[in-house]
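Student: Note that the protein sequences, when read in sequence, are chains C and P. All residue numbers for the first sequence refer to the numbering used here, where the first residue is 5 and numbers rise by one. All residue numbers for the second sequence refer to the numbering used here, where the first residue is 5 and numbers rise by one.
2 protein chains.
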Amino acid sequence: MDDRTDPSQLNRLSAAEAARRIARKELTSEKLVAACLERIAAREPEVKAWAYLNRDAALVQARALDREKPRSPLHGVPIGIKDVIDTADMPTEYNSPIYRGHQPSWDASCVALLRRAGCVILGKAVTTEFANNNPSHTRNPHNLTHTPGGSSAGSAAAVADFMVPLALGTQTGGSTIRPAAYCGAVGYKPSFNTINRAGLKFVSESLDTIGIIARSAEDAALCVHVLSDRALADFSAAARAPRIGVYRSSRWQEADDATRAQIEAAAAALAKAGARVSDAVLPESVERLYDVHNDVMGYEAARTFAWEYANHLDKISPNLRKRLDEGWALPRAKYDAARECARVARRTLAERMNDYDFLLTPSAPSEAPARLDTTGNSLFNRIWTLLGVPCVTLPCGKGPKGLPLAVQLVGCMDADSELLAWSDWAARHLAP
Amino acid sequence: MDDRTDPSQLNRLSAAEAARRIARKELTSEKLVAACLERIAAREPEVKAWAYLNRDAALVQARALDREKPRSPLHGVPIGIKDVIDTADMPTEYNSPIYRGHQPSWDASCVALLRRAGCVILGKAVTTEFANNNPSHTRNPHNLTHTPGGSSAGSAAAVADFMVPLALGTQTGGSTIRPAAYCGAVGYKPSFNTINRAGLKFVSESLDTIGIIARSAEDAALCVHVLSDRALADFSAAARAPRIGVYRSSRWQEADDATRAQIEAAAAALAKAGARVSDAVLPESVERLYDVHNDVMGYEAARTFAWEYANHLDKISPNLRKRLDEGWALPRAKYDAARECARVARRTLAERMNDYDFLLTPSAPSEAPARLDTTGNSLFNRIWTLLGVPCVTLPCGKGPKGLPLAVQLVGCMDADSELLAWSDWAARHLAP
């Protein structure tokens, strides 16, 4: 029996399909949530994706929504929230001992908007410490000895492991795209200023972007639609094949053989499907951002955590402390210069993107490393975060150790709906 | 006796001078704080500038700082914090009944940085409701029947009334420059991304800017230096007279006669002092921002307050509710178009500013209106907030009703230190 029609496998339904069935009264939110909770009960001891779950409260929410008319195309669908995003009814601990038991008095904007759309807030997904680079205890559901990536570790692992169809993550370097890629999920980092950040615990305010982990581009598109009112992409009409720029970048050799081969194979497959594929070479101003990103992140992170640093230094991990100390040491002029570099590169990229519907580029340098003491490398993500353009990662084949490989699609500023539609098109032509 | 040397008038010292005396052990922080508290005790019943004061805690902080070596050029100096900025040791209520008694568990970044610099956090200054347009109960210290402006009403009134030498405000439309102008203080809205916003209750994340209210440009410069590591301006060396563009704008006729006359007089006085003064005409892309600003602010504000709107609509003022409802009604495409307008205008302005060290333009359309049911008009502020460039307002003469008039200096992106140095120069050549 196909998983998708097996009633014991409701947790494997896409968000879109689940919501359609709920709207048609063929399914209840309560049953869907119960199926997710059952999956979590079975798998959580090994995967460790959740920082907080209140099973009873989730079922109460679901039953209440089952009595209503659908409020949105995600009515009744459960969602996980990365634990750096405030919730009025669940603790929010940022995976820091400084905030054990911390209970915000409000919902973050994005959580309130999801409730408004009739989503069930299923629980808080594990983050690394303050969404930084100190690993969490979450494991990769494909192989528990491999990292799920970070910082949105729990969000990616939970969605990939069929515990929940959707989860919110955040990205400052590569914290949504990379864990989604490592776990074999679809990850989407929207254009900067897409999903409101009120109630997000910042790392770096010029970079922090709330993102979505899903199992399909369509689900990600529905989620960003209810969160930001961006137009729903028209997935049915593939009016024309896209113009794709394959962007290997100056760091291409830092991707491993399997990753590079998969990008080439994906380019060939999409060309075969009708895309106009060419090599994209981006100007020096864009390439410089590989080095510049860290200056923006470090300078801002040091200030963001000024209170924690002054009052709870003993409870900050050595990994994070190193980043903060580097940020304190960075001169203001270097930070300003980094921001100016980014402004120039944004203009240059926008002009260059007139030639492409999207760029095709690695999501990560390799499949998920066979380690739990690292969250992996944000090399192939951070310039896009600083540029503010939308990115989608799609699972695409397996690496030499049997973990998911992925490809990244990078779109034009604010052309998120188009990028998600192209992602849906591309996913149909790529090896899953 | 000059106020500045009268020991009973320590509260009138500039922050710079007070800190110099404290460093030389000619003054203690405790005496300075006590003098400010005495002034507050005398005036607060009429001016109503403070949302929260803990006199004993402020004196304890001051005594502790008096036992230390100076940590910064503001060591021992008291400062007021607008009550939309979180404090770990004082309630933070955003002037909303939804948050009566709300106690954050952290200091906002800017508060932690001030403590790190050895400032005394004197108390929380009154804000309008969530830093929006619903008036507070604060009054203009020059005439209690006039508005102090808003939203940083308490910050401006307290500094202007010699209750404290410095205060933090915020600006989303004109919320720092306008109240400073109305109250006869120096107001400074830094370049976007100058003072870290972690721990600020947002209105509109693309616009909200933490600003400084002071009684001199030097004090504002010291404050932004400890908050952002921007270079201290060299006030002693007026190496050359500035190139000034007088910007009257398409809205010039909306400034009253006294304001327009004062701008012309200021331009003449600065020309006489050696400045090269010419008329600045800014391109259409900049002028369009008068209309566009409200789209960005409204769209974002609606999402920012999504939780409050869903759960406490009865406790939101009709003024704010109107703004939020307009924001909910605005299509996403219009918001995206507004942001694109702003991006274009930022580039265009940056090119045009090659011809000027700063623009000279009104701070507000008039002196403070003789009403308490409005915070005045942000017309002459909001385009600069959306552009992200630094602004300083300087008091400059009196209006027909005897309240302060002001002029606004607008600088180049990230050239804050230069703008503050020019402001110091300009203040020496303008009628106080």
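Built from N, CA and C at the ideal position, the CB exists for glycine as well.
Based on the DSSP secondary-structure assignment, which residues constitute the bridge partners of C/Asp329?
Tutor: Answer is none; C/Asp329 lacks a bridge partner.
Student: On the DSSP bridge assignment, give the partners of C/Pro366 in chain order.
Tutor: Answer is C/Val411, bridged to C/Pro366.
Student: Using 7 angstroms as the cut-off, classify the Cβ of C/Arg432 as near or not near the heavy atoms of the ligand COA, replying yes or no.
Tutor: Ligands are entirely absent from the displayed structure, and the ligand COA is therefore not among its contents.
Student: How would you label P/Met5, buried or exposed, when you count the other beta carbons within 10 angstroms and need 16 or more for buried?
Tutor: For P/Met5, the predicted structure reports a pLDDT of 36, less than 50, and the residue's modelled location is therefore unreliable. The matter cannot be settled from this model.
Student: How about C/Ser421 and C/Leu236: are their beta carbons less than 8 angstroms apart?
Tutor: Cβ distance < 8 angstroms, so C/Ser421 and C/Leu236 count as in contact.
Student: Can you check the region 199–283 of chain P for any beta strand (DSSP E) of at least 3 residues that lies completely inside it and give the ranges in chain order?
Tutor: 213–218, 247–251
Student: Between the alpha carbons of P/Ala342 and C/Ile125, how many angstroms are there, rounded?
Tutor: 32 angstroms
Student: Excluding five sequence neighbours on each side, which residues of the same chain lie with their C-beta closer than 7 angstroms to the C-beta of P/Lys402?
Tutor: Pro408, Leu409
Student: Going by C-alpha to C-alpha distance, which of P/Leu383, P/Ser240, P/Lys319 sits closest to P/His297?
Tutor: P/Leu383
Student: Any C-beta of chain P sitting closer than 8 angstroms to the C-beta of C/Arg120?
Tutor: yes
Student: Residues in the same chain with beta-carbon distance under 7 angstroms from P/His433, minus the five sequence neighbours each way, listed in chain order, please.
Tutor: For P/His433, where only same-chain residues beyond five positions count, the Cβ hits under 7 angstroms are Ala273, Leu274, Ala277.
Student: Within the same chain, show all residues whose beta-carbon is closer than 6 angstroms to that of C/Asp165, passing over the 5 residues directly before and after it, in chain order.
Tutor: Arg47, Val51, Pro145
Student: Assign P/His141 to one of two classes, buried (16 or more other C-beta atoms within 10 Å of its C-beta) or exposed (fewer than that).
Tutor: With fewer than 16 Cβ atoms within 10 Å of its Cβ, P/His141 is classed as exposed.
Student: Note down the Cα distance separating C/Leu398 from C/Cys187, rounded to an integer number of angstroms.
Tutor: Cα-Cα distance, rounded: 11 angstroms.
Student: Indicate whether at least one CB of chain P lies closer than 8 angstroms to the CB of C/Arg343.
Tutor: With 8 angstroms as the cut-off, C/Arg343 counts as an interface residue toward chain P.
Student: Tell me where the alpha helix (DSSP H) around P/Ala129 begins and ends.
Tutor: Secondary structure note for P/Ala129: it is in no alpha helix (DSSP H), and the uninterrupted beta strand (DSSP E) holding it is 124–129.
Student: DSSP on C/Pro49, reduced to helix/strand/coil?
Tutor: helix
Student: Please confirm whether C/Thr389 has its beta-carbon closer than 8 angstroms to some beta-carbon of chain P.
Tutor: no
Student: Does DSSP put P/Ala112 in a helix, a strand or coil?
Tutor: coil
Student: Apply the 10 Å Cβ neighbour rule to C/Leu78 and answer buried if 16 or more other Cβ atoms are within range, or exposed otherwise.
Tutor: buried
Student: Measuring straight from C-alpha to C-alpha, what distance separates C/Ile214 and C/Leu334?
Tutor: Using only the alpha carbons, I get a separation of about 26 angstroms.
Student: Could you list which residues in chain C have their beta carbon closer than 8 angstroms to that of P/His106, in chain order?
Tutor: Ser109
Student: For C/Asp93, which option in C/Ile102, C/Ser76, C/Val64, C/Trp332 has the closest C-alpha, if you only look at C-alpha atoms?
Tutor: C/Val64
Student: Please state whether DSSP places C/Thr176 in a helix, a strand or coil.
Tutor: coil
Student: I'd like to check one pair, C/Ser18 with C/Pro169: are the Cβ atoms closer than 8 angstroms?
Tutor: For C/Pro169 and C/Ser18, yes; Cβs fall inside 8 angstroms.
Student: Using 10 angstroms around the beta-carbon of P/Ala68, count the other beta-carbons present and answer buried if the total reaches 16, otherwise exposed.
Tutor: With fewer than 16 other CB atoms across the displayed protein chains lying within 10 angstroms of its CB, P/Ala68 is exposed.
Student: DSSP on C/Pro322, reduced to helix/strand/coil?
Tutor: helix
Student: Looking at chain C, which residues of the region 117–148 of chain P have a Cβ within less than 9 angstroms of any of its Cβ atoms?
Tutor: Here the close residues are Leu117, Arg119, Arg120.
Student: Anything in chain P within Cβ reach of C/Asn99, meaning under 9 angstroms, just list it in chain order.
Tutor: In chain order: nothing, as chain P lies at least about 16 angstroms away.
Student: Could you have a look at P/Thr352 and say whether DSSP puts it in helix, strand or coil?
Tutor: helix
Student: Below 9 angstroms on C-beta distance, what does C/Phe239 contact in chain A?
Tutor: The chain inventory of the structure shown lacks chain A, comprising the protein chains C and P.
Student: What does P/Asp340 reach in chain C if we use C-beta pairs closer than 8 angstroms?
Tutor: Asp418
Student: Please report the residue range of the beta strand (DSSP E) in which P/Cys395 lies.
Tutor: Counted as a single uninterrupted DSSP element, the beta strand (DSSP E) harbouring P/Cys395 occupies residues 395–402.
Student: Could you confirm whether any beta carbon from chain C is found closer than 8 angstroms to the beta carbon of P/Leu423?
Tutor: Not one chain C Cβ lies under 8 angstroms of P/Leu423.
Student: On a Cα-Cα basis, can you pick out the residue from C/Asp111, C/Val228, C/Thr379 that is closest to C/Gly178?
Tutor: C/Thr379
Student: Using C-beta distances below 8 angstroms, list every residue in its chain close to P/Cys345, excluding the 5 sequence neighbours before and after it, in chain order.
Tutor: Ser289, Arg292, Leu293, Val296
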